[in-house]
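This report refers to the structure that appears directly beneath it.
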Amino acid sequence: MRTPHRAAAAALIAAFAVAASEPPAAPTTPPPAPVIVPAAENRPRHASCDAWVHGSHATASCFNPYPRADRVQLHVECERWWDPDLASRPVDIAPAQHIRVSERCWKEIAEAWVSHLR
3 MRTPHRAAAA ALIAAFAVAA SEPPAAPTTP PPAPVIVPAA ENRPRHASCD
53 AWVHGSHATA SCFNPYPRAD RVQLHVECER WWDPDLASRP VDIAPAQHIR
103 VSERCWKEIA EAWVSHLR
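For the sequence shown, my numbering begins at 3 and goes up steadily by one.
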């Protein structure tokens, strides 16, 4: 082996030895944050409801997929100032039960929504 090759080989061996003796660099990106899923007891367990308006009639259709009963009520806000706002009577929905509730105004409906009572 010639002298320049020996010097180059010695330099490479020294570089590898120095690199192996240094601790590894710290990671530059932090680890991802853990995803927190709420406990099953904290999740809302309401019946799923859809409400729609057709002219002066509002209808809500609800289905309760949960093992506990739910109580729903349809609220209707009428467009005209002289037309009273309405709320249906509260309706209990047993597990795996489907219900339909409707209300109406004399004229147009401004808004309709469903509330859940416990």
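Beta carbons: idealized from backbone N, C-alpha and C, even for Gly.
Between L76 and A60, the C-beta gap is smaller than 8 Å, which places the two residues in contact. In the three-state DSSP reduction, I95 falls in the strand class (E or B).
The beta carbon of V78 is closer than 7 Å to those of A60, D87, L88, E105, C107, I111 and A114 in its chain, skipping five residues each way along the sequence. Short of 7 Å from the beta carbon of W54, and not among the five residues preceding or following it, lie these beta carbons of its own chain, in chain order: T61. In this structure, the CA atom of S58 is about 10 Å from the CA atom of E81. A49 counts as buried, since no fewer than 16 other beta carbons sit within 10 angstroms of its beta carbon. Leaving aside the five residues that flank R91 on each side, the residues in its chain whose CB is nearer than 8 Å to its CB run, in chain order, Q75. Taking the CA atoms as reference points, S63 sits about 45 Å from P33. Assigned with DSSP and collapsed to three states, I15 falls in helix. For the set A35, P69 and H56, the Cα lying nearest the Cα of A98 is the one of P69.
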